[in-house]
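Letter by letter, the sequence shown follows residues 0 to 509 of numbering that gives the first Met the number 0.
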Amino acid sequence: MKSIFNIYVRYGLFLAAGLFLGWLFLSAPSSDQHDDTAQTHSEASQIWTCSMHPQIRQDKKGKCPICAMDLIPLKTGGGGSEAIDTDAIILSEEAAALANIQTTIVGRSNPKMELSLYGVIQANERTAHSLVSHINGRIEQLHVNFTGENVRKGQVLASVYSPDWLNAQQELLEAIKIGSAQPAILQAAREKLRSWKLTDTQIAAIEQSGKVSPFVDIIADASGVVIAKNVEEGDYINPGSILFKLADLSSVWAMFDAYEADLPYLKIGNKVEYTLQSLPGKTFRGNITFIDPVLDKTTRTARIRVETPNSGLQLKPEMYAHATVNAILQQSGHPIVIPKTAVLWTGKRSIVYLKQAHTNVLAFTLREIEIAATPGHSYIVLSGLSEGEEIVTSGAFTIDASAQLEGKRSMMNKPLKHADKHVDKHAVIRVAGSCDMCRERIETAAQHLAGVTSASWNSETNDLHLTFDADETSIDAVSQAIAKAGHDTEKYRADDAVYQALPECCKYRK
C-alpha cells in the first residue's frame with residue numbers, strides 16, 4: 000500500500016514539473032517579438048524630415064506634404080554614457096553624410112600659410128660698377144657704343160684726346176733723362192700717370208718707345224654688362240665723369256613686394272621658390288637675405304630680397320617673378336589653431352560647433368570662442384576651446400541652420416544674458432511728483448538705465464515700483480537718474496535749476 004502511494008506521489012511531481020516548464024516556454028516572448036519591439040522603439044524615437052524643406056518634421060516615414068519627396072531620417076534619440084545637451088543638434092548618420100559634416104580634433108601648432116609674392120628681377124647692386132674718366136679730354140672714338148654689350152676686364156672702352164695727357168708723357172720722358180741725378184722727379188712723373196689709372200705696363204711702354212701721343216685709351220677695370228651708357232663720341236669729359244655703368248649678372252636679385260599683413264610670416268633665411276613668365280616650367284630657389292625696414296608710403300609694402308645664382312644668364316633684369324613662401328608664424332606656447340572653415344563669424348561673435356563626446360548619436364553643441372585672425376587658412380584661438388575637443392570643420396552652417404529651425408541657440412539666435420538665472424529684483428522707492436507728466440518723466444528716466452526691466456510710479460502714493468537686474472544696476476543708480484530728471488527721491492535731491500525748468504503742473508515743492 001505504501002509503495003502504491005509513493006508511485007502516485009512521484010507521478011504527481013513529474014506532472015507538476017511538466018506543467019511549470021510548459022508555462023515558461025509559452026509565456027517567454029519570441030526573438031521576433033523582441034525585434035518588433037526594438038523596431039517599434041527605434042521608429043518611435045526617429046524623426047523624419049525633407050531634404051528640400053527641413054521645416055517638415057514627422058515621427059514616421061512618408062512623403063513630404065510640400066514636394067512629395069521621400070522623407071529622410073533626421074535624428075534619433077539613442078542614449079549614451081552621458082546625457083545629450085538640451086541645446087544640442089542631433090543628426091542621423093544619413094543626414095550628416097548628406098550635409099558633408101566633417102570634424103577635426105583641436106590641437107596646438109604654429110599657424111602655417113602659403114604666401115604669394117610678386118616682384119621683378121634686378122641686377123645685384125653689390126656687383127654694379129661705374130667706369131669713370133680720370134683725365135680731361137675729348138672722346139675721339141668709342142669702342143663700346145651700346146647698352147647691353149658685354150665688357151671684359153682690361154678691354155679698351157674709348158680713346159680720348161687729352162692735352163694734359165700729352166704734357167704728362169713729355170714730363171715723364173724728360174724725367175728719364177735726368178733720372179740718375181734726380182730719381183725723385185722720375186718717380187713723381189710715374190705716380191702722376193698711375194693716378195690716372197694707367198698700368199705699369201702702359202707706363203713702361205711709353206718709356207721704351209720714347210714717343211708721346213695726345214690720345215689715351217680708357218681701360219675697363221671690371222667685367223659685366225653695360226646697363227647705362229652716358230657719353231657719345233665728341234663729348235668732353237672731366238675727371239670723375241661716369242662713362243659707363245656695368246652689372247655682373249652672374250648673380251641677380253629677385254625683389255618682391257610684401258604687404259604689412261605678410262611681414263610677420265617672413266624672416267631672413269626663409270626659403271623661397273619663384274617662377275618667371277618668360278621661363279615656363281622652371282622653378283628657381285633662394286633664401287630671403289634682406290627685408291626692407293621701411294615701408295613704401297604709397298604701396299604700403301616692404302621690399303623682400305632673394306639672391307639667386309645666374310651662371311647661364313637666363314635671369315634678366317626687369318623680368319616679372321611670382322614667388323611662393325611656405326611660412327610659419329612662430330609663437331611661444333604653440334597656440335590652439337583651427338581652420339577658418341570651422342568658424343561662423345557674425346561680426347562680434349565667433350562660433351564653432353563641437354561634437355559631443357561619449358554619446359551613441361551625432362550631437363553637436365554651439366560654443367562661442369575668441370579668435371585672432373591670420374592671413375592664412377586658420378585662426379588662432381585665444382579662448383573658448385581646449386586641446387583635444389572635436390569641432391566641426393565642414394558643414395557647420397548646415398548645423399546652425401538646423402538649430403535656427405528648431406529654435407535653439409545659433410549664430411542668429413543669441414540667448415539673453417542670465418536667461419537661466421532668476422536675478423531680477425523688486426524694490427519700491429519714494430519719488431516726488433504731482434501729475435501724469437511727472438509719471439512719464441520718472442518712469443522714462445528709470446527705464447533708460449541698463450538692467451531696469453520695469454518701472455511704475457503711483458501719483459497718489461509717490462511710490463515707484465522697480466524690477467531690475469542687480470548685476471547690471473542698483474537702487475542708488477536709479478535714484479540718481481531720476482534726480483537728474485528733476486524729481487526728488489529718498490536719497491537724492493534734484494538740482495534747483497532742473498526743478499525750476501519743469502512745467503508749472505509738475506512743481507511739487509511747497
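Each residue gets a CB set at the ideal place from its N, CA and C atoms; glycine is no exception.
Opposite residue i in the DSSP bridges: which residues?
| i | result |
| --- | --- |
| V251 | A122 and T307 |
| H486 | Paired residues: none, contrary to the question. |
| E369 | S382 |
| Y491 | Y491 is not bridged to any residue. |
| A301 | A257 |
| V131 | I241 |
| T364 | L353 |
| I290 | I303 |
| S377 | P338 |
| S455 | H464 |
| I138 | V159 |
| I327 | K111 |
| L285 | Contrary to the premise, residue 285 reads as Gly rather than Leu in this sequence. Paired residue(s): V271. |
Have a look at residue i and residue j and give me their C-alpha separation to the nearest angstrom.
| i | j | result |
| --- | --- | --- |
| A87 | K296 | 51 Å |
| I578 | P334 | The question about residue 578 has no answer, for the chain in this structure spans 0 to 509. |
| R508 | A493 | 11 Å |
| I177 | G209 | 14 Å |
| A500 | D470 | 34 Å |
| S377 | R299 | 24 Å |
| E503 | C434 | 10 Å |
| A43 | E405 | Model confidence at A43 stands at a pLDDT of 47, short of 50, so the residue's coordinates are unreliable and nothing is read from them. |
| N527 | A180 | One cannot answer for residue 527 here, as it falls past the ends of the chain, which runs 0 to 509. |
| H421 | T85 | Residue placement at H421 cannot be trusted, given a pLDDT of 47 that sits under 50; the coordinates are not used to answer. |
| I89 | K62 | 22 Å |
| S29 | M68 | Annotation note: pLDDT 45 at S29 (below 50); position unreliable, no value reported. |
| C49 | A341 | 26 Å |
| G285 | K152 | 29 Å |
| T200 | Q207 | 11 Å |
| A37 | D58 | For A37, the predicted model reports a pLDDT of 43, less than 50, meaning its position is unreliable; a value from the coordinates is still stated below. Cα to Cα, A37 sits roughly 16 Å from D58. |
| I368 | K60 | 39 Å |
| G106 | A362 | 21 Å |
| Y491 | K506 | 17 Å |
| A227 | I217 | 17 Å |
| T488 | S473 | 14 Å |
| A96 | Q446 | 50 Å |
| L265 | A322 | 13 Å |
| E231 | A174 | 35 Å |
| K416 | L353 | Any reading at K416 needs caution, since the residue's pLDDT is 46, under 50, leaving its predicted position unreliable; the model's value is listed next. Each residue's alpha carbon lies about 22 Å from the other. |
| T392 | A94 | 16 Å |
| V215 | R302 | 44 Å |
| E124 | Q140 | 29 Å |
Specify the secondary structure class of residue i as computed by DSSP and reduced to three states.
| i | result |
| --- | --- |
| V336 | strand |
| Y507 | coil |
| E389 | strand |
| A322 | strand |
| T345 | coil |
| K416 | Low per-residue confidence applies at K416: pLDDT is 46, beneath 50, and the placement is therefore not dependable enough to give any value. |
| D462 | strand |
| A496 | helix |
| E448 | One point to set straight first is that residue 448 is Leu, not Glu, in the sequence displayed. DSSP places L448 in coil when its eight states are reduced to three. |
| R429 | strand |
| P116 | Reading off the sequence, residue 116 comes out as Leu, not Pro. Strand. |
| R440 | helix |
| S478 | helix |
| S409 | strand |
| D435 | helix |
Within the present structure, is the beta-carbon of residue i separated from the nearest heavy atom of the ligand ATP by less than 7 Å?
| i | result |
| --- | --- |
| A493 | You won't find the ligand ATP in this model; it holds no ligand whatsoever. |
TODO: Would you list, in sequence order, the uninterrupted beta strand (DSSP E) runs of no fewer than 3 residues that lie entirely inside the region 45 to 114?
DONE: As for any beta strand (DSSP E) of minimum length 3 sitting wholly inside the region 45 to 114, the runs are 46 to 48, 71 to 74, 88 to 90 and 101 to 104, ordered along the chain.
Task: Segment contact flag, the region 338 to 358 with the region 273 to 283, C-beta cutoff 8 Å, min 3 pairs - done: no
- [ ] Evaluate the contact criterion for the region 103 to 122 versus the region 255 to 273: three or more CB pairs, one atom per stretch, below 8 Å.
- [x] yes
TODO: Count the C-beta pairs between the region 145 to 159 and the region 228 to 243 that are closer than 8 Å, then say yes if the count reaches three, no if not.
DONE: yes
Open item on the list: If contact is defined by three or more beta carbon pairs under 8 Å, each pair taking one atom from either stretch, is the region 386 to 405 in contact with the region 98 to 105?
Closed with: yes
Open item on the list: Is it the case that the region 430 to 438 contacts the region 134 to 144, given that we only count it when at least three CB pairs across the two stretches are under 8 Å?
Closed with: no
Open item on the list: With three or more C-beta pairs closer than 8 Å as the rule, is the region 188 to 205 touching the region 165 to 172?
Closed with: yes
- [ ] Any chance you could list the alpha helix (DSSP H) runs of at least 4 consecutive residues sitting entirely within the region 202 to 282, in chain order?
- [x] none
Open item on the list: Going residue by residue through the region 140 to 206, where are the continuous alpha helix (DSSP H) segments of at least 4 residues, counting only ones entirely within it?
Closed with: 162 to 176 and 182 to 194
Task: Contact between the region 438 to 447 and the region 457 to 469 (3+ Cβ pairs under 8 Å) - done: Contact between the region 438 to 447 and the region 457 to 469 is present, with at least three C-beta pairs closer than 8 Å.
Task: the region 475 to 482 / the region 448 to 456 touching (three or more Cβ pairs under 8 Å) - done: yes
Task: Sufficient close CB pairs (3 or more, under 8 Å) joining the region 358 to 372 to the region 311 to 330 - done: no
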